[in-house]
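Residue numbers (the working numbering): 6 to 61. All remarks here apply to the structure that follows.
The structure is reproduced here in structure tokens:
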């Protein structure tokens, strides 16, 4: 499971997402610099790269 948190997301901040990630044994958290609640819109290339790396 891949979770992507935006660095400046106020709705689901990286700290909360890190705790959530801990509930899943093989989960991975990526914090996208400068992104808010919609990291795929804030920086689609960085989001795509993180997703592609996870799926590789």
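Just so you know, even glycine gets a beta-carbon here, dropped at the ideal spot from N, CA and C. Here the structure is a predicted model, which is why all the values come from computation and not from measurement.
Assigned exposure category for residue i - 16 Cβ within 10 Å defines buried
i	result
residue 53	exposed
residue 30	exposed
residue 22	buried
residue 40	buried
residue 32	exposed
residue 49	exposed
Spatial distance of residue i from residue j (CA atoms)
i	j	result
residue 5	residue 47	Residue 5 is absent from the structure shown; the chain starts at 6 and stops at 61.
residue 2	residue 15	Residue 2 cannot be examined here, being either before or after the span of the chain that is shown, 6 to 61.
residue 42	residue 11	6 Å
Strand pairing of residue i, partner residues [DSSP]
i	result
residue 9	35
C-beta atoms of residue i and residue j nearer than 8 Å
i	j	result
residue 37	residue 57	no
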